[in-house]
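**Q** Could you have a look at this structure, given as structure tokens, before my questions?
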Amino acid sequence: NALMESLDALNLTLDDPSDQCYPKVIDSLEGFRAVGVCAGHRHSMVLDEHGGLYTFGSGASGALGHGDYVGQEYPMKVM
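Laid out in structure tokens, this is it:
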């Protein structure tokens, strides 16, 4: 359906929407001190040095924890 196609089009802030097999720099996290990262097929999470949790990617089924089903192209703070 159109919603899933648009969610699949989210490229997790990379210039290339194809599957990635190796880690890549994400420009929107420049200057961000990450202490933990979890990357999945459709969404990712980043934990900062102060305990802040950021998610981005597909928001299908509420996967990002923002209280909605909206995908995020850039990291958005959850807590």
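Following my numbering, the numbering of the sequence shown begins with 320 at its first residue and continues without gaps. By construction, the Cβ of each residue, glycine as well, lies at the ideal position given by its N, Cα and C atoms.
1. Tell me where the beta strand (DSSP E) around residue 355 begins and ends.
2. In the DSSP output, which residue or residues are listed as bridge partners for residue 373?
3. What distance in whole Å lies between the Cβ atoms of residue 376 and residue 361, which are believed to be in contact at a cut-off of 8 Å?
4. Please look up how many angstroms separate the CB atoms of residue 390 and residue 378, rounded, as I've assumed it's under 8 Å.
5. Decide if residue 373 is buried, meaning its Cβ has at least 16 other Cβ atoms within 10 Å, or exposed.
6. Between the Cα of residue 350 and the Cα atoms of 368, 357 and 359, which residue gives the shortest distance?
**A** On the basis of the data shown:
1. 353-358
2. 365 and 396
3. 5 Å
4. 5 Å
5. buried
6. 368
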